[in-house]
Amino acid sequence: MWKPQLFVPVMATPNGTLVHPAYFLLVGIPGLGPNVHFWLAFPLCFMYALATLGNLAVVLIIRVERRLHEPMYLFLAMLSTIDLVLSSVTMPRMASLFLLGIQEIEFNVCLAQMFLIHALSAMESAVLLAMAFDRFVAICHPLRHASVLTGPTVAKIGLAALARGFVFFFPLPFILKRLSYCRTHTVTHSFCLHQDIMKLSCTDTTVNVVYGLFIILSVMGVDSLFIGFSYILILRAVLELSSRGAALKAFNTCISHLCAVLVFYVPLIGLSVVHRLGGPTSLLHVVMANVYLLLPPVVNPIVYGAKTKEIRQRVLHMFSQDDRMGPHGNESSVTYFILIGLPGLEEAQYWLAFPLCSLYLIAVLGNLTIIYVVRTEHSLHEPMYVFLCMLSGIDILISTSSMPKMMAIFWFNSTTIQFDACLIQMFAIHSLSGIESTVLLAMAFDRYVAICHPLRHATVLTLPRVIKIGMAAVVRGAALMAPLPIFIKRLPFCHSNILSHSYCLHQDVMKLACADIRVNVIYGLIVIISAIGLDSLLISFSYLLILKTVLGLTREAQTKAFGTCVSHVCAVFIFYVPFIGLSMVHRFSKRRDSLLPVIMANIYLLVPPVLNPIVYGVKTKEIRQRILRLFHVTTSTSDS
Numbered sequence: 000m001w002k003p004q005l006f007v008p009v010m011a012t013p014n015g016t017l018v019h020p021a022y023f024l025l026v027g028i029p030g031l032g033p034n035v036h037f038w039l040a041f042p043l044c045f046m047y048a049l050a051t052l053g054n055l056a057v058v059l060i061i062r063v064e065r066r067l068h069e070p071m072y073l074f075l076a077m078l079s080t081i082d083l084v085l086s087s088v089t090m091p092r093m094a095s096l097f098l099l100g101i102q103e104i105e106f107n108v109c110l111a112q113m114f115l116i117h118a119l120s121a122m123e124s125a126v127l128l129a130m131a132f133d134r135f136v137a138i139c140h141p142l143r144h145a146s147v148l149t150g151p152t153v154a155k156i157g158l159a160a161l162a163r164g165f166v167f168f169f170p171l172p173f174i175l176k177r178l179s180y181c182r183t184h185t186v187t188h189s190f191c192l193h194q195d196i197m198k199l200s201c202t203d204t205t206v207n208v209v210y211g212l213f214i215i216l217s218v219m220g221v222d223s224l225f226i227g228f229s230y231i232l233i234l235r236a237v238l239e240l241s242s243r244g245a246a247l248k249a250f251n252t253c254i255s256h257l258c259a260v261l262v263f264y265v266p267l268i269g270l271s272v273v274h275r276l277g278g279p280t281s282l283l284h285v286v287m288a289n290v291y292l293l294l295p296p297v298v299n300p301i302v303y304g305a306k307t308k309e310i311r312q313r314v315l316h317m318f319s320q321d322d323r324m325g326p327h328g329n330e331s332s333v334t335y336f337i338l339i340g341l342p343g344l345e346e347a348q349y350w351l352a353f354p355l356c357s358l359y360l361i362a363v364l365g366n367l368t369i370i371y372v373v374r375t376e377h378s379l380h381e382p383m384y385v386f387l388c389m390l391s392g393i394d395i396l397i398s399t400s401s402m403p404k405m406m407a408i409f410w411f412n413s414t415t416i417q418f419d420a421c422l423i424q425m426f427a428i429h430s431l432s433g434i435e436s437t438v439l440l441a442m443a444f445d446r447y448v449a450i451c452h453p454l455r456h457a458t459v460l461t462l463p464r465v466i467k468i469g470m471a472a473v474v475r476g477a478a479l480m481a482p483l484p485i486f487i488k489r490l491p492f493c494h495s496n497i498l499s500h501s502y503c504l505h506q507d508v509m510k511l512a513c514a515d516i517r518v519n520v521i522y523g524l525i526v527i528i529s530a531i532g533l534d535s536l537l538i539s540f541s542y543l544l545i546l547k548t549v550l551g552l553t554r555e556a557q558t559k560a561f562g563t564c565v566s567h568v569c570a571v572f573i574f575y576v577p578f579i580g581l582s583m584v585h586r587f588s589k590r591r592d593s594l595l596p597v598i599m600a601n602i603y604l605l606v607p608p609v610l611n612p613i614v615y616g617v618k619t620k621e622i623r624q625r626i627l628r629l630f631h632v633t634t635s636t637s638d639s
């Protein structure tokens, strides 16, 4: 079996030729097989989702709650932001390792991940030190607290933490790139760390060891020393207080920060000790590394949420049913919403429902045909067509979640939809759209591997891995969109209950609320950027790499390679163009009764399910031949 060249000569040096690996291999949990890794990925993904939502909640609450615009909470917002980025740098890669078994990480990507992990850890350490300084001033010099830690001073401290983390760890990738790697290329963690990579070198690592030790002492060491010293001063000041109640109150303001310090430094020290004393690729290595990266982002928002009264009250307020009260304390009277057909075309709606119904039937039959053909034709049991089956299944579900209700509006003027039914439909539409976007990204990855690394295609995209990608797409779509109905349920609706579409969308429903919808707006924007936006960016990047590879081929090979991508490119445009159009209409349309938003919404939901099977049926030779053969067999049977 073909293997990519592992060690690549980079340049000649006075000490010999510099050799770098093309990639490193990350490890999961030693001693556990792929099946166990697969199931362990789900609690891992759950913890990542918990960390993301928890830290986002802390940042949003501090942003919208003016009472929390104080130094301690501003530092907490910085801490939550760092935790968000730190977990996002590692957890998606770890999830792909556990879920899909993808161990390879390119040399330069590994160095970039390593730099981000170490730099962000240093920034977190600096912010924890700043929070200790805040507690010291607040308890030991309370009258000077407001003048010492002003808003601009807090912002400067945050920038200094950012600059220090960047400057200290910027040399690490360069002093690793000067080393030669000619032995094993398997790192002992699920992500890249400096001390882990340098051990794989077969040249002198004295510079790396000395600089690494210097950084640990001058960053983490100094920070922990100052934090310890600040708490000694705080303890001395508290013990001098005459009132026991005042002493308890002062200690209580420090508990959350002390927990955050222990949650950060104990795993860090444990990981450092394990690296010095533990054997290679030991189970202890991997467990400590995962605890070090995952524990602080998960625990910090829980600790601050539980121990900080203002944050706890705001969280309870966000999710309490009392929040669905009107501005004067009256219970929201909205038990249903009213959907609209086509504004200005009410008389023609009955007849327009017939072509709409025909399109729905075409979508269902077309996608069912695709699934049947791929299922029964063994030559189509390849990653691209398995992904196409997933796409067809999603298209059937997404059109079925909305079209029957739309036809009931057009034919029977049944415009009402129950509040909870609307939220269920909204969740189904948004989550299925997120899943479809992920599948389109997976199809782009399939084309990238097939064209840019054809000899590795069969080993990278195996059938079990394709199925795992499909399951990951479902989990991702459901997890990202699950908070939307919860955020809607907390809002009061005391004005109009008329929606501007023939089905329920988050951005449409939230506009009817008579309360602050900033949480909904911000979370909706985060979902759009982290799901649809990120997917479209990665799809574009994959096609840039494909284009770069194809331009180096012969003209005949170029035509053949482009021919395998045409159907997918069409599917991408069919999905993203109506989606972007609908988003633009929602942002810039002033009139709620305008015909344009309704038309764009119907195109967004109906066009992809109708066109995708047609495009793939026409452009894909194997599917086209199978459909024609299926029709021919049926005809022959009836004739006989």
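Sequential numbering from 0 applies to the sequence shown in numbering that gives the first Met the number 0.
Here a beta-carbon is modelled for each residue, glycine too, at the ideal position from N, C-alpha and C.
_Let's test the definition: count the other Cβ atoms within 10 Å of the Cβ of residue 637 and tell me whether it reaches 16, buried, or not, exposed._
With a pLDDT of 38 at residue 637, under the threshold of 50, the modelled position of that residue is not reliable, and no figure is offered here.
*asked:* Quick check: what's the CA-CA separation for residue 573 versus residue 302?
replied: 45 Å
*Under a three-way DSSP split, which group does residue 641 fall into?*
Any question about residue 641 goes unanswered here, given that the chain covers just 0 to 639.
*Just mark residue 256 as buried or exposed, buried being the case when its beta carbon has 16 or more other beta carbons within 10 Å.*
buried
*Under the rule that 16 or more other beta-carbon atoms within 10 Å means buried, what is residue 555, buried or exposed?*
exposed
*Using beta-carbon positions only, say whether residue 498 and residue 339 come within less than 8 Å of one another.*
yes
*Tell me which same chain residues have a C-beta within less than 7 Å of the C-beta of residue 328, skipping the five on either side of it?*
With a pLDDT of 44 at residue 328, under the threshold of 50, the modelled position of that residue is not reliable, and the figure given next carries that caveat. Cβ neighbours of residue 328 beyond the five flanking positions: none.
*Exposure of residue 326, with buried meaning 16 or more beta-carbon neighbours within 10 Å*: Confidence in residue 326 is poor, its pLDDT being 45 and thus under 50, which makes the residue's placement too unreliable to answer from.
_For residue 50 and residue 297, which I take to be in contact (beta-carbon distance under 8 Å), what is that distance rounded to the nearest angstrom?_
5 Å between Cβ atoms; contact.
*How many whole angstroms separate the CB atoms of residue 486 and residue 519, which I take to be in contact at a CB cut-off of 8 Å?*
5 Å
*Under three-state DSSP, which class holds residue 26?*
In this structure, residue 26 counts as coil in the three-state DSSP scheme.
*Less than 8 Å separating the beta-carbons of residue 134 and residue 307?*
no
*Which same chain residues, not among the five before or five after residue 494, have their C-beta less than 8 Å away from its C-beta?*
511 and 513
_On the criterion of 16 or more Cβ atoms from any shown chain inside 10 Å, does residue 201 qualify as buried, or is it exposed?_
exposed
_Here's the rule I'm using: 16 or more other beta-carbon atoms within 10 Å means buried, otherwise exposed. How should residue 208 be labelled?_
exposed
_Can you tell me where the beta strand (DSSP E) holding residue 105 begins and where it ends?_
103 to 105
*Return the CA-CA distance between residue 471 and residue 399, expressed in angstroms with no decimal places.*
Rounded to whole angstroms, residue 471 to residue 399 spans 23 Å at the Cα level.
_Burial state of residue 664, where buried means 16 or more other Cβ atoms lie within 10 Å_ = Absent from the structure is residue 664, since the part of the chain shown begins at 0 and ends at 639.
*First and last residue of the uninterrupted beta strand (DSSP E) at residue 416*: 415 to 417
*Cutoff 8 Å; reference residue 474; Cβ partners in own chain excluding five residues on either side*: 41 and 44
*What are the partner residues of residue 497, as DSSP defines its beta bridges?*
337
_Length of the line joining the Cα atoms of residue 447 and residue 453_ = About 9 Å.
*Rounded to a whole number of angstroms, what is the C-alpha to C-alpha distance between residue 600 and residue 500?*
7 Å
_Range covered by the alpha helix (DSSP H) that runs through residue 486_ = 482 to 488
_Measuring straight from C-alpha to C-alpha, what distance separates residue 384 and residue 426?_
When the Cα atoms are used, residue 384 and residue 426 turn out to be separated by approximately 27 Å.
*residue 438 vs residue 479 beta-carbon contact at 8 Å*: no
_Sequence-distant residues of the same chain with beta carbon closer than 8 Å to residue 372, five excluded per side_ = 379, 622, 625, 626 and 629
*Where do the ends of the alpha helix (DSSP H) carrying residue 69 lie?*
No alpha helix (DSSP H) holds residue 69; DSSP gives it neither H nor E.
*Would you mind working out which of 358, 268 and 388 sits nearest residue 370, comparing C-alpha positions?*
388
*Range of the contiguous alpha helix (DSSP H) that encloses residue 554*: Here the alpha helix (DSSP H) through residue 554 covers 554 to 562.
*Helix, strand or coil for residue 330, going by three-state DSSP, please let me know.*
Low confidence applies here, because residue 330 scores a pLDDT of 46, under 50, leaving its location unreliable; read the following figure in that light. Assignment of residue 330 by DSSP, reduced to helix, strand and coil, places it in the strand class.
_Given this structure, state the Cα-to-Cα distance separating residue 19 from residue 179, to the nearest angstrom._
6 Å
*Put residue 491 into one of helix, strand or coil per three-state DSSP.*
coil
*Report the residue ranges of all alpha helix (DSSP H) runs contained in full by the region 30 to 100; include only those spanning at least 4 residues, in chain order.*
33 to 63 and 70 to 99
*Whole angstroms is fine: what's the gap from residue 30's alpha carbon to residue 96's?*
So the two alpha carbons sit approximately 15 Å from each other.
*Helix, strand or coil for residue 19 per DSSP?*
Residue 19: strand per DSSP, three-state reduction.
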